[in-house]
Amino acid sequence: MVDVLSHCDDAFLAENGVEKGIMQLIDQARGVELYDKVGLATEMSGGSAANTIAGFAHLGGAAAYVGKVKDDQLGRIFAHDLRAQGVTYEVPLASKDHAQETGRCIVLVTPDGERSMNTYLGVTEHLSPDDIDEAMMAEAEWIFLEGYRFDGPESHEAFAKAIKAAKGAGGKVALTLSDPFCIDRHHAAFARMIRDDVDLLFANRAEIEAMYDSDFDSALEKAAAEVETLVCTESAHGAHILAGGARLHCPVVPTRVVDATGAGDLFAGAFLWGLVEGYDLETCGTMANIAGSEVISHLGARVEADLKAKFRAFGLAV
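Those letters in the sequence shown? Residues 121 to 438, by my numbering.
See the structure below:
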């Protein structure tokens with residue numbers, strides 16, 4: 121996914137039928153319509169899981185990414201940017217003859233820093249089981265699955281293939297719920313995967329409440345009963361970590377919000393890096409909050425500062 125980021129006001133959202141603060145799926149025609157209406161825009165590689173993996177790699181983690189782009193200009197830029205971060209990316213580009221283009225997300229950022237995402241999935245929707253390298257999955261300590269990918273027609277089968285290969289070799293599975301509307305579209309599939317396969321679940325307050333149709337604390341308890349570790353962000357109220365019957369709270373790291381795009385993505389990337397490096401859960405949560413605060417302090421969903429330096433400035437030994 122390539123992000124097209126532009127600033128606008130609430131009136132623009134209302135005039136153009138864009139619901140604030142969520143991800144809406146659009147077709148190519150709607151994408152062209154919105155693109156023509158937005159003002160000055162910045163184009164950069166994005167995609168929720170790709171942002172997470174890029175953040176993980178920025179910290180020095182060894183990672184590979186699985187996602188579909190086309191052999192077009194945006195697709196080649198996306199692949200180059202990811203590899204430049206040190207990420208292994210070996211999924212073949214879809215042919216230039218493919219009917220759909222590389223996916224893009226028009227991100228409209230209002231003055232309060234909230235982002236409203238309008239996503240044309242494009243060729244990324246066609247990720248299939250054939251794109252899953254079972255040997256690569258078997259080498260992974262963790263695989264990280266993105267909830268948005270549930271919208272692909274063959275993504276469920278691709279997920280199942282990746283999970284079987286990873287777990288069969290002793291690996292673990294992390295899942296991010298991604299978006300309340302995504303949960304509504306695929307609630308039963310999410311529920312099965314969480315119950316049967318997920319070791320680490322990432323969510324925010326709106327997502328966990330939508331998933332368990334409960335108030336916040338009840339939803340946390342229900343989720344924690346199904347997974348080994350639950351990590352749930354609550355915006356300015358920080359993050360909650362539930363594991364082994366204990367509940368930890370990691371306060372937010374204050375910053376000026378410029379663009380909230382990628383906050384949860386980089387949060388997950390830093391948390392996973394801390395986990396793989398052997399840090400305790402509270403430290404992982406603190407690292408994740410620092411990473412999330414860094415990415416919302418500027419436009420775009422990729423890290424611009426040295427996260428390890430920020431960790432050290434915060435008193436963490438890295």
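Ideal Cβ placement from N, Cα and C applies to all residues, glycine included.
Excluding residues up to 5 positions away in sequence, Val377, Val378, Asp379, Ala380 and Ile416 lie with their Cβ nearer than 7 angstroms to the Cβ of Gly233 in the same chain. In this structure, the CA atom of Asp319 is about 38 angstroms from the CA atom of Arg150. In the three-state reduction of the DSSP assignment, Gln144 falls in the strand class, which pools E and B. Taking a C-beta distance under 8 angstroms as the contact criterion, Val293 and Asp317 qualify as a contact pair.
In the structure shown, the three-state DSSP call for Leu386 is helix. For Cys370, the CB contacts under 6 angstroms within the same chain, skipping 5 residues up- and downstream, are Gly358, Ala359, Gly405, Thr406 and Asn409 in chain order.
If you draw a 10 Å sphere on the C-beta of His200, you find fewer than 16 other C-beta atoms in it, and that means exposed. For Met237, the enclosing beta strand (DSSP E) starts and ends at Arg235 to Tyr240. Assignment of Thr162 by DSSP, reduced to helix, strand and coil, places it in the strand class. The Cβ atoms of Gly389 and Ala411 sit closer than 8 angstroms to each other. Along the length of the stretch 283-351, whole alpha helix (DSSP H) runs at least 4 residues long occupy 300-305, 307-316, 325-332 and 336-344, reported in chain order.
Setting aside the 5 residues that flank it on each side, Glu424 is surrounded in the same chain by His418, each with a C-beta closer than 6 angstroms to its C-beta; the list follows chain order. Between Ser126 and Val158, the C-beta gap is smaller than 8 angstroms, which places the two residues in contact. Excluding the 5 residues flanking it on each side, Ala169 has same chain C-beta neighbours closer than 6 angstroms at Glu266, in chain order.
Sequence-distant Cβ neighbours of Asp251 in its own chain, meaning closer than 7 angstroms and more than five residues away, are Val186, Lys188, Val211 and Ala278.
Phe198 carries a helical assignment under DSSP once its states are collapsed to helix, strand and coil. With a 10 Å radius around the Cβ and a threshold of 16 neighbouring Cβ atoms, Phe391 comes out buried. Sorting Leu386, Asp299 and Gln205 by C-alpha distance to the C-alpha of Lys140 places Asp299 at the top.
DSSP, reduced to helix, strand and coil, places Ile252 outside both helices and strands of the structure shown, so it counts as coil.
8 angstroms or more divides the Cβ of Glu221 from the Cβ of Val207.
Between Met257 and Ala285, the gap from beta carbon to beta carbon is short of 8 angstroms. Taking a 10 Å sphere around the C-beta of Gln193, we find fewer than 16 other C-beta atoms and assign the residue as exposed.
Listed in chain order, the non-local C-beta contacts of Met237 below 6 angstroms within the same chain comprise Met143, Cys225 and Val227, local neighbours out to five positions each way being set aside. Contact annotation: Met164 and Asp191 have beta-carbon atoms that are not nearer than 8 angstroms. Within the DSSP secondary-structure output, Val124 pairs in a beta bridge with Glu163 and Ile226. Within a 10 Å sphere around the beta-carbon of Phe431 sit 16 or more other beta-carbons, which makes this residue buried. Between Leu247 and Glu274, the C-beta gap is smaller than 8 angstroms, which places the two residues in contact. Sequence-distant Cβ neighbours of Asp147 in its own chain, meaning closer than 7 angstroms and more than five residues away, are Tyr240. In the three-state DSSP reduction, Thr375 falls in the coil class, being neither helix nor strand. Ile361 is positioned such that its CB atom lies no closer than 8 angstroms to that of Glu327.
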